[in-house]
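In terms of the working numbering, the sequence shown opens at residue 20 and continues consecutively.
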Amino acid sequence: MKVDLPVRNALFTAGFTHAWGTANLQNPWSGYPGYTSVQVQDFNRAGESAFLLRAGYDFPWVDGLSAYGLAVFGTDPDSPTQFRQNEFDANLQWGPKKGLLKGLSLRLRYAVVQQFGGDVHNLTDFRAICNYVIKF
(Lines of atoms letter the chains of each structure in order from A and count residues from 1; the text may use other names and numbers.)
(Lines give C-alpha, C1' and ligand atoms only; values in the text may rest on other atoms or scores of the structure.)
Protein backbone atom coordinates (compact mmCIF):
# COMPACT_ATOMS: atom_id res chain seq x y z
CA MET A 1 0.00 0.00 0.00
CA LYS A 2 1.32 3.47 -0.88
CA VAL A 3 0.05 7.03 -0.52
CA ASP A 4 1.55 10.10 -2.25
CA LEU A 5 0.87 13.70 -1.28
CA PRO A 6 2.13 16.31 -3.78
CA VAL A 7 2.60 19.81 -2.35
CA ARG A 8 3.92 22.29 -4.96
CA ASN A 9 7.44 21.08 -5.82
CA ALA A 10 7.50 18.48 -3.03
CA LEU A 11 6.21 14.93 -2.92
CA PHE A 12 5.57 13.16 0.38
CA THR A 13 5.12 9.39 0.37
CA ALA A 14 4.15 6.75 2.92
CA GLY A 15 4.20 3.05 2.12
CA PHE A 16 3.70 -0.34 3.74
CA THR A 17 4.51 -3.90 2.68
CA HIS A 18 4.15 -7.26 4.40
CA ALA A 19 5.49 -10.64 3.29
CA TRP A 20 2.72 -13.10 4.21
CA GLY A 21 3.33 -16.83 4.39
CA THR A 22 6.39 -18.91 5.10
CA ALA A 23 8.60 -17.83 2.18
CA ASN A 24 10.21 -14.62 1.01
CA LEU A 25 8.22 -12.75 -1.62
CA GLN A 26 9.15 -14.19 -5.00
CA ASN A 27 10.37 -12.21 -7.99
CA PRO A 28 11.39 -14.56 -10.81
CA TRP A 29 11.18 -11.79 -13.41
CA SER A 30 13.87 -9.45 -12.01
CA GLY A 31 14.15 -7.13 -9.01
CA TYR A 32 11.46 -7.11 -6.33
CA PRO A 33 8.86 -4.42 -7.24
CA GLY A 34 7.63 -3.62 -3.71
CA TYR A 35 7.13 -0.07 -2.44
CA THR A 36 9.70 -0.66 0.29
CA SER A 37 12.38 -2.02 -2.06
CA VAL A 38 14.99 0.73 -1.82
CA GLN A 39 18.70 1.27 -2.55
CA VAL A 40 20.10 -1.69 -0.59
CA GLN A 41 17.33 -3.79 0.97
CA ASP A 42 14.04 -5.13 -0.40
CA PHE A 43 12.26 -5.76 2.93
CA ASN A 44 10.60 -8.86 1.43
CA ARG A 45 11.67 -11.62 3.82
CA ALA A 46 9.02 -14.07 5.13
CA GLY A 47 6.95 -12.46 7.90
CA GLU A 48 8.63 -9.06 7.50
CA SER A 49 6.64 -5.84 7.44
CA ALA A 50 8.10 -2.49 6.44
CA PHE A 51 6.97 1.12 6.68
CA LEU A 52 8.37 3.75 4.30
CA LEU A 53 8.43 7.54 4.73
CA ARG A 54 9.84 9.63 1.86
CA ALA A 55 10.12 13.34 1.05
CA GLY A 56 11.25 14.54 -2.37
CA TYR A 57 11.72 18.00 -3.86
CA ASP A 58 12.21 19.38 -7.38
CA PHE A 59 14.26 22.59 -7.19
CA PRO A 60 12.56 25.08 -9.55
CA TRP A 61 15.53 27.46 -9.76
CA VAL A 62 17.90 24.79 -11.19
CA ASP A 63 16.70 22.97 -14.31
CA GLY A 64 16.47 19.23 -13.61
CA LEU A 65 17.72 19.26 -9.99
CA SER A 66 15.86 17.06 -7.52
CA ALA A 67 16.50 15.39 -4.17
CA TYR A 68 14.81 12.98 -1.83
CA GLY A 69 15.35 11.38 1.52
CA LEU A 70 13.62 8.29 2.81
CA ALA A 71 13.46 5.94 5.75
CA VAL A 72 12.22 2.36 5.82
CA PHE A 73 11.53 0.74 9.18
CA GLY A 74 11.36 -3.05 9.06
CA THR A 75 10.06 -5.60 11.55
CA ASP A 76 11.58 -8.91 12.59
CA PRO A 77 11.20 -11.55 9.87
CA ASP A 78 9.96 -15.04 10.79
CA SER A 79 13.40 -16.68 10.61
CA PRO A 80 15.19 -16.70 13.99
CA THR A 81 18.53 -16.29 12.15
CA GLN A 82 17.46 -13.01 10.50
CA PHE A 83 17.03 -9.68 12.24
CA ARG A 84 15.08 -6.46 12.01
CA GLN A 85 16.56 -3.83 9.69
CA ASN A 86 16.03 -0.15 8.94
CA GLU A 87 17.36 1.75 5.93
CA PHE A 88 17.90 5.48 5.42
CA ASP A 89 18.60 6.83 1.91
CA ALA A 90 19.47 10.20 0.38
CA ASN A 91 19.48 10.95 -3.34
CA LEU A 92 20.56 14.05 -5.30
CA GLN A 93 20.01 14.06 -9.07
CA TRP A 94 20.59 16.58 -11.84
CA GLY A 95 19.37 15.99 -15.37
CA PRO A 96 18.89 19.13 -17.48
CA LYS A 97 15.82 18.96 -19.70
CA LYS A 98 17.06 21.38 -22.37
CA GLY A 99 20.24 22.90 -23.79
CA LEU A 100 23.61 21.34 -24.63
CA LEU A 101 23.54 19.00 -21.62
CA LYS A 102 20.09 17.56 -22.35
CA GLY A 103 20.37 13.78 -21.95
CA LEU A 104 22.98 13.98 -19.18
CA SER A 105 22.07 12.67 -15.73
CA LEU A 106 24.31 12.93 -12.66
CA ARG A 107 23.18 11.18 -9.49
CA LEU A 108 24.61 10.79 -5.98
CA ARG A 109 23.07 8.19 -3.67
CA TYR A 110 23.87 7.34 -0.06
CA ALA A 111 22.32 4.66 2.15
CA VAL A 112 22.74 3.40 5.71
CA VAL A 113 21.29 0.04 6.73
CA GLN A 114 20.92 -0.73 10.43
CA GLN A 115 20.60 -4.34 11.60
CA PHE A 116 19.40 -5.13 15.10
CA GLY A 117 21.05 -8.42 16.02
CA GLY A 118 23.70 -10.82 14.82
CA ASP A 119 27.35 -10.00 14.18
CA VAL A 120 26.60 -7.41 11.49
CA HIS A 121 27.54 -3.76 11.78
CA ASN A 122 25.72 -0.97 10.00
CA LEU A 123 26.21 -1.07 6.25
CA THR A 124 26.84 2.11 4.26
CA ASP A 125 26.51 2.38 0.49
CA PHE A 126 27.58 5.33 -1.68
CA ARG A 127 26.93 5.51 -5.41
CA ALA A 128 27.89 8.11 -8.02
CA ILE A 129 26.09 7.54 -11.32
CA CYS A 130 26.59 9.34 -14.63
CA ASN A 131 24.37 8.59 -17.62
CA TYR A 132 24.15 10.19 -21.03
CA VAL A 133 21.42 9.36 -23.53
CA ILE A 134 22.52 9.19 -27.15
CA LYS A 135 19.73 8.86 -29.68
CA PHE A 136 20.54 7.04 -32.90
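Don't be surprised by glycine CBs; every beta carbon is placed ideally from N, CA and C.
Quick one: residues in its chain with C-beta nearer than 6 Å to the C-beta of residue i, no 5 flanking neighbours on either side, listed in chain order?
| i | result |
| --- | --- |
| L111 | A86, L127 |
| F135 | F102, R103 |
Under 9 Å between the Cβ atoms of residue i and residue j?
| i | j | result |
| --- | --- | --- |
| P96 | A65 | yes |
So the candidates are the options; which of them puts its Cα closest to the Cα of residue i?
| i | options | result |
| --- | --- | --- |
| G162 | F62, F145, N28 | With the chain covering 20 to 155 only, the question about residue 162 has no answer from this structure. |
| A69 | G53, A42, P79 | G53 |
| G137 | T100, T143, Y129 | T100 |
| M20 | W80, T32, N28 | T32 |
| T36 | V131, K117, T94 | T94 |
| A29 | R73, T55, P47, V57 | R73 |
| K117 | W48, G83, S56 | G83 |
| W80 | A38, W48, W113 | W113 |
How big is the Cα-Cα spacing for residue i and residue j?
| i | j | result |
| --- | --- | --- |
| E106 | V59 | 8 Å |
| D23 | N150 | 28 Å |
With DSSP run on the structure shown, which of helix, strand or coil describes residue i?
| i | result |
| --- | --- |
| S98 | coil |
| D144 | strand |
| P115 | coil |
| R14 | Lying outside 20 to 155, the shown extent of the chain, residue 14 is not represented and no answer is given. |
So, for residue i: in the same chain, excluding its five sequence neighbours on each side, which residues have a beta-carbon less than 7 Å away from its beta-carbon?
| i | result |
| --- | --- |
| H140 | none |
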